[in-house]
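Those letters in the sequence shown? Residues 501 to 541, per this note's numbering, in order.
Just so it is clear, CB atoms sit at the ideal spot from N, CA and C, and this is done for glycine as well.
All values derive from a computational prediction rather than experimental measurement.
Please read the structure below before turning to the comments.
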Amino acid sequence: AMSFSLIGLRSPGISIADPSCVAKTFPTYFDVLETLRPERP
């Protein structure tokens with residue numbers, strides 16, 4: 501899920517069926533990932 505979410509930043513159409521699977525190893529992963537996205541005007 502983590503690697504495909506990174507790919508999804510650049511490739512539209514990527515979806516992750518169970519994003520909660522990262523909770524055990526990196527509970528704040530998607531919060532951190534969100535900080536990498538550019539701000540939209």
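In its own chain, which residues sit with a C-beta less than 8 Å from the C-beta of VAL522, not counting the 5 before and 5 after it?
-> Excluding five sequence positions before and after VAL522, the CB atoms of its chain that fall closer than 8 Å to its own CB belong to ALA501, MET502, TYR529 and PHE530, given in chain order.
Do LEU509 and ARG537 have their CB atoms nearer than 9 Å?
-> Yes.
Which first and last residues belong to the alpha helix (DSSP H) in which THR535 is found?
-> Note, THR535: alpha helix (DSSP H), 529 to 536.
Alpha-carbon to alpha-carbon, GLU534 and ARG540 | Approximately 12 Å between the Cα atoms of the pair.
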